[in-house]
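Novice:
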Ligand code: ADP
Ligand code: ZN
Ligand code: ZN
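And the structure:
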């Protein structure tokens, strides 16, 4: 038998691929190779060298080129990735591909890791047209006229400079260059004296530096969690070690980056999907070489190499953005724990509204619980009150009591946030004569009316159509919008408060890259204003003059059949409510509902998130649901329903016979039709995790060989967060 290299290639197949060693050069485990694949070539990661193969020698091909002479992925990452693809039943090649920035998945030499700097071009020098530009472009031109600046320096001095730099590079006024040595910043701001709870949290984690231990830092928004992270990262740096800080969204990053850089006085690498590919690859490589010590990133940053690992932090650990919902369906928080264990470092999860999974882990003694109960930034906790909508005459969904309080608040010169987690004008367009309503033909779900754009849009598949003048079913012109989206609330508020600025913040008004930042920056001033927005507004940005939060339309969450809906609703309400009264002024939260007696709302408002979470956990335990039970979901979709059904029932028949499993389905997905595809699923539940994985891996391999599998799109989701 010839001895071969075993390579992971970025394809959605459960297998690794065998190749003969290259004609020249030596492939190493964890290094990349270029191989012939199908009719083309592919870049893969070497998993094993010098192994026997069962592939016939006639079919074996030779590695074309060795791309790395030393491993790009170190032993720990290789081990973690093997574990991860096994645990999440992922295609191994996709797992390895996820771990590498896009640029490193190509047949190209590694980019230089010098620090990028920006400078004026000759044209930029002579044009000196800063005067003709505005906003951040102008600020950038002015700043660069005094000399080149690095990303780290620009992050601190100019908001949105990246967008401006792109524009000015396109205009030929600015160019990018590289500085060989990373610069240290001398602009270090001093840390506040920590209060006792913060001290205790820092001390507990600091004591664990150098060994694996998991912590859950539970503290309301504004209680000083970030200060705890900063203190711990500073200690990690002082030991010459590296720190990884994960955040759920890019939106949160700019402020945090600035805070980290100013405080730590070292460059902070940033890794998220909005960066240029070159920048991502460089940040990743600088961490790998140890040149860089701190990295802040979103989900996939969990794969950053940490050769001198000291500490891993996952902020807002409850956030579902950590779960990848396509391809390799890993969970970055869970992976952070696995890495911390492998690297023998502490991992700190932080949240104002911890996931039930993490709370259960604290209860079981697997995580050490830490609490921040007071809020150094606020004098009082916000006062929360329910408005019973049942007996009210509503003005576009807003009750008189709510309107009144909004009026009082802006009259005092303060800011109001009206939260509604649905964009558009109205979620349904209904015929009052015959009951017809506008549905998406591809999803059989109501289309959302977007009044300003005069469109009906499907929020599931983006199907669009014009607004009909008359009912297509009966010809009546009595077509009325039902329910409210942010656009309608904005209209109602503008009508009611014509002298007040009303700002709508949702995916529509912030489609432009930096619009969100700009909109919020404008609000930093303390002038009274009314904000209307979706969950984009639930976190981040400090708005010191925001004293009233009105939560409207959370009832869908109370009625949902998804067993996680209650947890999500509680988290959302608490996160949004946390926006009120962050400064010295007391905050107030009004929650409008048709179900004022709903148990979850009652317990949340009377006793807080921790208490409500305990109740939810008790319910989950009783029902054997996660985190007390374990789930694996097989999803399938195709243009014809019978094809989906056929595949799922064959899949069910192929399941190993394990008595303690509960199998549900094949059944329709919660959304049976989406974008013209029929969807179905098969749910496997087990009280223990152990048998689940060992038994399901061969099943998964089997599935990919089923002839019916070729006719559907299918995927397996381990620990799904969306059923
Ligand atoms: P969180 O991350 O929990 O939302 P932060 O760490 O951002 O909270 O703190 C909220 C605000 O309180 C920030 O403006 C921060 O600077 C301030 N703060 C936090 N801890 C202290 C402290 N010990 N002394 C003074 N100010 C503090
Ligand atoms: Zn009609
Ligand atoms: Zn649709």
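In UniProt numbering, the protein residues as written are 1 to 723. Quick reminder that beta carbons are idealized off the backbone N, C-alpha and C, glycines included.
#1: Does the structure place the stretch 187-199 close enough to the stretch 300-317 that three or more beta carbon pairs sit under 8 Å?
#2: Would you mind giving the Cβ-Cβ distance between residue 372 and residue 197, rounded to the nearest angstrom? I have them listed as a contact below 8 Å.
#3: Does the distance from the C-beta atom of residue 650 to that of residue 679 stay below 8 Å?
#4: Would you check whether ligand 2 has a heavy atom nearer than 7 Å to the C-beta of residue 440?
#5: Let me make sure I understand the geometry here. Which of 565, 466, 275 and 404 has the alpha-carbon closest to that of residue 493?
#6: Could you check if residue 56 is buried or exposed, using at least 16 other CB atoms within 10 Å of its CB as the buried criterion?
#7: By the 10 Å Cβ neighbour count, where 16 or more other Cβ atoms means buried, how is residue 287 classified, buried or exposed?
#8: On the DSSP letters alone, give me the boundaries of the alpha helix (DSSP H) that residue 527 sits inside.
#9: What does a CB cutoff of less than 6 Å around residue 676 pick up in its chain, not counting 5 residues either side in sequence?
#10: Count the other CB atoms, across all protein chains shown, that sit within 10 Å of the CB of residue 96; report buried if there are 16 or more and exposed otherwise.
#11: Within the continuous beta strand (DSSP E) that includes residue 196, where are the two ends?
#12: Does the stretch 290-302 come close enough to the stretch 268-278 to have 3 or more Cβ pairs within less than 8 Å?
#13: From the DSSP output, in three-state form, read off residue 568 for me.
#14: On the DSSP bridge assignment, give the partners of residue 677 in chain order.
#15: State the start and end residues of the unbroken alpha helix (DSSP H) segment that holds residue 450.
#16: My assumption, with CB atoms under 8 Å, is that residue 175 sits in contact with residue 119. Please give the rounded CB distance.
#17: Hey, would you say residue 531 sits closer than 8 Å to residue 417, going by beta carbons?
#18: State yes or no: is the C-beta of residue 697 within less than 8 Å of the C-beta of residue 18?
#19: Under 7 Å Cβ to Cβ from residue 50, same chain only, skipping five residues before and after it: list those, please.
#20: Is the CB-CB distance between residue 548 and residue 588 below 8 Å?
#21: DSSP three-state call for residue 573: helix, strand or coil?
#22: According to the Cβ coordinates, are residue 489 and residue 396 closer than 8 Å?
#23: Going by the beta-carbon positions, is the gap between residue 202 and residue 232 smaller than 8 Å?
#24: Please report the residue range of the beta strand (DSSP E) in which residue 637 lies.
#25: Quick one: any contact between the stretch 549-557 and the stretch 438-452, if contact means 3 or more CB pairs under 8 Å?
#26: In angstroms with no decimal places, state the Cα-to-Cα distance between residue 155 and residue 161.
#27: Since residue 425 and residue 449 should fall inside the 8 Å C-beta cutoff, what is the C-beta to C-beta distance between them, to a whole number of angstroms?
#28: Residue range of the beta strand (DSSP E) that residue 466 falls in?
#29: For a test of your reading of the model: does the CB of residue 461 fall under 7 Å from any non-hydrogen atom of ligand 2? Yes or no.
#30: Just curious, the alpha helix (DSSP H) that residue 371 is in, first and last residue?
#31: Using C-beta distances below 6 Å, list every residue in its chain close to residue 218, excluding the 5 sequence neighbours before and after it, in chain order.
#32: Among the residues of its own chain, which have a CB less than 7 Å from the CB of residue 656, if the five just before and after it don't count?
#33: On the criterion of 16 or more Cβ atoms from any shown chain inside 10 Å, does residue 389 qualify as buried, or is it exposed?
#34: Span of the alpha helix (DSSP H) holding residue 611?
#35: Does DSSP put residue 19 in a helix, in a strand, or in coil?
#36: Tell me whether residue 218 sits in a helix, a strand or coil according to DSSP, three-state version.
Specialist: If we stick to the structure as given:
#1: no
#2: 5 Å
#3: no
#4: no
#5: 404
#6: exposed
#7: buried
#8: Counting along the chain, residue 527 falls outside any alpha helix (DSSP H), and DSSP gives it neither H nor E.
#9: 442
#10: buried
#11: That residue, residue 196, is in no beta strand (DSSP E); its alpha helix (DSSP H) goes 196-208.
#12: yes
#13: helix
#14: 674
#15: First-last for residue 450: 448-450, but that is the beta strand (DSSP E), not the alpha helix (DSSP H).
#16: 6 Å
#17: yes
#18: no
#19: 3
#20: yes
#21: helix
#22: yes
#23: yes
#24: 630-638
#25: no
#26: 7 Å
#27: 5 Å
#28: 464-466
#29: no
#30: Residue 371 -> not in any alpha helix (DSSP H); beta strand (DSSP E) instead, spanning 367-372.
#31: 354 and 371
#32: 695 and 699
#33: buried
#34: 609-623
#35: strand
#36: strand
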